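Chains as they are written, first to last, in this note's numbering: chain A, 26 to 245; chain C, 54 to 271.
Quick reminder that beta carbons are idealized off the backbone N, C-alpha and C, glycines included.
Since this is a predicted model, take the numbers as computed values, not measurements.
Written below as structure tokens is the structure these notes are about.
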């Protein structure tokens, strides 16, 4: 892994992110995808993906919160007392989640009603806490932002894929526009309900792992 | 002093208690301040949205026609031209009187609320002008278990109320929600299997408001 590390696209190996930008991005969004590989944040991924629009907003929320919390946890990492670091992380995460929730309630009321409690529940999303604890605490701010984008994106992509297929098969629509005509396609209610989420999720995880290929032997 | 504050500590060294407490206080205050600011900034927008949402629910239950994609301001205008709010000591009543080019029938909506299984349930009951036949019902706020009690907000359950009467054949007021009941009875609605508790609560809060409607009428 260390010998063929790709250079960072934006800063060319020596900038603020120490040349690890691209690698971090790839790691979070693809190789170590929080949903499909690490199996984190499954709850919300199953709950809000009955429509593509909901999935996209939820993905955006996660990117926003993950970037915000990673940035601040990283900025404060050298002054935060080790003993209360997790409380600090939760406080920062909760602040960003409530910010997003308030934004939705003020300007996207319908979306806020549809997502219901799941925006607030991002506070307990393992992905965000995990990135703060595993990455932002040890890395500089810019690289932590990249990591936040990467993991948020990894979550958002999987959510969008699940949301796309559930909406398409479950109601014959994509983003509310009819695609599969009701004349020849009988919308499958099961895809809208919880079991449909499990099936789709399973297929997506299987595909993800198939495309990624088998885990290479640990560096020896 | 140095050991108390622990400023000189390296990464792994434990910082002093005073520092930790101070740090927590400053961080907490900063977060609280930020959120308070944002909440008071968004408050008017949120209130306007909640108000428009409520009006939309009243328009829907009264079957007042309105465009699907409509801004909050337009919605308020439609509401104010079509719906009359009526004052009554016990009830919150909204009356739709079709005029000119508007379609639909004169309908009366009564607000109801009460405790559900997990949280408050609020909604509107729409009645014919005889104050007896149900034209529609909505629950605009409920926190029942999704898939079970949450089904009270599902179309099939709401539709099962349409055409029912709030008074039974013998003149006794009240609506009954029960399983395997007489579906043809004027005041009986089929229950939701697996959501007995929620249905009992809904029945209770509906009957509270029905009692008041009947009293009002007499």
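Quiz prompt | When 54(A), 129(A), 48(A) and 50(A) are compared against residue 179(A), the one with the closest alpha-carbon | solution = 54(A)
Quiz prompt | N- and C-terminal bounds of the beta strand (DSSP E) containing residue 162(C) | solution = 160-168
Quiz prompt | residue 76(A) in three-state terms, based on DSSP | solution = coil
Quiz item: Helix, strand or coil for residue 75(C) per DSSP?
Solution: helix
Quiz item: In three-state terms, what does DSSP make of residue 208(C)?
Solution: helix
Quiz item: Counting along the chain, where does the alpha helix (DSSP H) carrying residue 156(A) start and finish?
Solution: 151-156
Practice problem: Check the Cβ of residue 124(A) against every Cβ in chain C and list those closer than 9 Å, keeping chain order. | Solution: 87, 88 and 91
Quiz prompt | CB-CB length for residue 197(A) against residue 212(A), believed under 8 Å | solution = Yes, residue 197(A) and residue 212(A) are in contact; Cβ-Cβ is about 5 Å, under 8 Å.
Quiz item: Nearest chain C C-beta to residue 113(A) closer than 8 Å, yes or no?
Solution: yes
Quiz item: Which residue from 215(C), 232(C) and 267(C) puts its Cα closest to that of residue 253(C)?
Solution: 232(C)
Quiz prompt | Exposure of residue 228(A), with buried meaning 16 or more beta-carbon neighbours within 10 Å | solution = It is exposed - the Cβ of residue 228(A) has fewer than 16 other Cβ atoms within 10 Å.
Quiz item: DSSP puts residue 189(C) in a beta bridge; with which residues?
Solution: As a beta-bridge residue in DSSP terms, residue 189(C) pairs with 179(C).
Self-check item: Beta-carbon proximity list for residue 77(A), same chain, < 7 Å, skipping 5 on both sides
Solution: 185, 188, 189, 192, 199 and 200
Quiz item: If you draw a straight line from the alpha carbon of residue 114(C) to that of residue 195(A), how long is it in whole angstroms?
Solution: 27 Å
Quiz item: Using the beta-carbon of each residue, which ones in chain C are nearer than 9 Å to residue 214(A)?
Solution: By Cβ distance, chain C contributes nothing, its closest Cβ being about 12 Å from residue 214(A), past 9 Å.
Self-check item: Three-way DSSP call (helix, strand, coil) for residue 148(C) in this model
Solution: strand
Quiz item: Excluding sequence positions up to five away, which residues of its chain have a Cβ less than 7 Å from the Cβ of residue 182(C)?
Solution: 159 and 161
Quiz item: DSSP state of residue 202(A), grouped into three classes?
Solution: It is a strand residue.
Practice problem: Taking C-beta pairs closer than 8 Å, name the residues in chain C that residue 132(A) reaches, listed in chain order. | Solution: 98
Practice problem: Just the chain A side, please: which residues come within less than 8 Å of residue 160(C) by C-beta, in chain order? | Solution: Result: empty, since nearest Cβ-Cβ is about 25 Å, beyond 8 Å.
Quiz item: At a Cβ threshold of 8 Å, is residue 139(A) touching chain C?
Solution: no
Exercise. Would you check if the region 165-184 of chain C and the region 76-88 of chain C touch, i.e. whether three or more CB-CB distances between them fall below 8 Å?
Key: no
Practice problem: Would you tell me roughly how many angstroms separate the C-alpha atoms of residue 209(A) and residue 164(A), rounded to the nearest one? | Solution: 54 Å
Quiz item: Alpha carbon to alpha carbon, what distance is there between residue 91(C) and residue 150(A)?
Solution: 23 Å
Quiz prompt | C-alpha gap between residue 226(A) and residue 60(A), whole angstroms | solution = Spanning the two alpha carbons is a distance of roughly 9 Å.
Quiz prompt | Environment of residue 268(C) [buried if 16+ CB atoms lie within 10 Å] | solution = exposed
Quiz item: Does any CB atom of chain A fall closer than 8 Å to the CB of residue 77(C)?
Solution: For residue 77(C), the answer is yes, since a Cβ of chain A falls inside 8 Å of its Cβ.
Quiz item: Going by beta carbon distance, what residues of the same chain come within less than 6 Å of residue 102(A), once the five residues before and after it are set aside?
Solution: 162
Self-check item: Cα-Cα separation between residue 111(C) and residue 144(A), rounded to whole angstroms
Solution: Put simply, the backbone Cα of residue 111(C) is about 27 Å away from that of residue 144(A).
Practice problem: State yes or no: is the beta carbon of residue 127(A) nearer than 8 Å to at least one beta carbon in chain C? | Solution: yes
Quiz item: Would you say residue 49(A) reaches chain C, if we count a Cβ-Cβ gap shorter than 8 Å as a contact?
Solution: no
Quiz item: Which of the three DSSP states, helix, strand or coil, is assigned to residue 196(C)?
Solution: coil
Quiz item: Which ranges would you report for the alpha helix (DSSP H) in the region 41-122 of chain A if only whole runs of at least 4 residues count?
Solution: For the region 41-122 of chain A, whole alpha helix (DSSP H) runs of length 4 or above, ordered along the chain, are 46-51, 67-72 and 77-100.
Quiz item: What are the residues that DSSP puts in a beta bridge with residue 137(C)?
Solution: 148(C)
Self-check item: Counterpart residues of residue 242(C) in DSSP-defined beta bridges
Solution: 230(C)
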